[in-house]
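Take a look at the structure below.
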């Protein structure tokens with residue numbers, strides 16, 4: 076919904092929780108998106124997405140011996 080509303084208003088960005096605005100779901104401006112944070116594949120929302128699209132959970136990496 077937020078993505079569609081933003082697009083109709085001509086607001087560009089990536090829709091998601093804005094950490095600088097108390098995790099409000101909004102279109103975050105492209106210049107503010109830095110990346111560089113590790114993605115947590117064990118997060119509940121990601122596991123739910125995998126379930127919904129029929130994909131297996133990521134396997135744990137084996138440590139090099």
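Residue numbers (the working numbering): 76 to 140.
Yeah, the Cβ is synthetic: ideal placement off N, Cα and C, and Gly gets one too.
Problem - Reduced DSSP category for residue 89 - H, G, I as helix; E, B as strand; rest coil - result: Walking along the chain shown from the start, residue 89 turns up at place 14. Here residue 89 sits in strand by DSSP.
Exercise for the section: Identify, in the order they occur along the chain, each residue of the same chain with its Cβ nearer than 7 Å to the Cβ of residue 86, setting aside the five sequence neighbours on each side. Expected result: Numbered from its first residue, the chain shown carries residue 86 at position 11. Cβ within range, chain order: 102.
Practice task
State the Cα-Cα distance for the pair residue 95 and residue 111, rounded to the nearest angstrom.
Solution key: Taking the first residue of the chain shown as 1, we reach residue 95 at position 20. Taking the first residue of the chain shown as 1, we reach residue 111 at position 36. Taking the straight line joining both Cα atoms gives about 16 Å.
Handout entry: For residue 101, the first and last residue of its enclosing beta strand (DSSP E)
Key = By 1-based counting over the chain shown, the position of residue 101 is 26. 99-103 is the span of the beta strand (DSSP E), which, as asked, contains residue 101.
Practice task
Could you tell me the boundaries of the alpha helix (DSSP H) in which residue 77 lies?
Solution key: Position 2 of the chain shown, counting from 1, holds the residue named residue 77. Looking at the DSSP string, the run of the alpha helix (DSSP H) that includes residue 77 is 77-83.
Problem - Rounded separation between residue 97 and residue 91 - CA only - result: In the chain shown, the residue the question calls residue 97 occupies position 22. In the chain shown, the residue the question calls residue 91 occupies position 16. Distance from the CA of residue 97 to the CA of residue 91, rounded to the nearest whole angstrom, comes to 12 Å.
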